[in-house]
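*Asks:* Heads up: the sequence shown begins at 1 in the UniProt record's numbering, then just goes up one per residue. First, the structure itself, so that you have it in front of you.
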Amino acid sequence: MNTENTKAQMRKGILEFCILSLINNREMYVSDLIDELKKGKLDVVEGTLYPLLTRLKNGEFLSYRWEESTGGPPRKYYQITEKGKTFLAELQNTWKDLTDSVNQITQKI
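Here it is as structure tokens:
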């Protein structure tokens, strides 16, 4: 079994949860998101992040606004919508149930 592949698949599966959790705390620019994810040991590149953000926006879980930048092109800042907050709460409940189940099983090993 390739543990690096397993880790990568798990990270992809929870990336949406992590993104919504971060943006729930404050609106964020893509480079802010990448920095925060890296702090959590999730290395994500823009090529992975942009399609996910677009999917979340198209699902009406996120919205964005443009802000002029003094050092380059305008920046797109993402914020969570009410629908996104509801979805995030569902993800949090699912995550808790999953971690509780895994902990219960693995504590017996």
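All C-beta atoms, glycine included, are put in the ideal place defined by N, C-alpha and C. Predicted model only: the values in this text are computed from it and were never measured.
1) By alpha-carbon positions, which one of E36, S101 and Y78 ends up nearest to N58?
2) Let me know the secondary structure DSSP gives L88 once reduced to three states.
3) Taking the runs of the beta strand (DSSP E) that are 3 residues or longer, which of them lie wholly in the UniProt domain "Transcription regulator PadR N-terminal" (19-90)?
4) Within a Cβ cutoff of 8 Å, which residues of the same chain sit near N93, ignoring the five residues on either side of it in sequence?
5) Select from G72, F87 and V102 the residue whose C-alpha is nearest the C-alpha of N24.
*Replies:* Taking the coordinates as given:
1) Y78
2) helix
3) 62-67 and 75-80
4) none
5) F87
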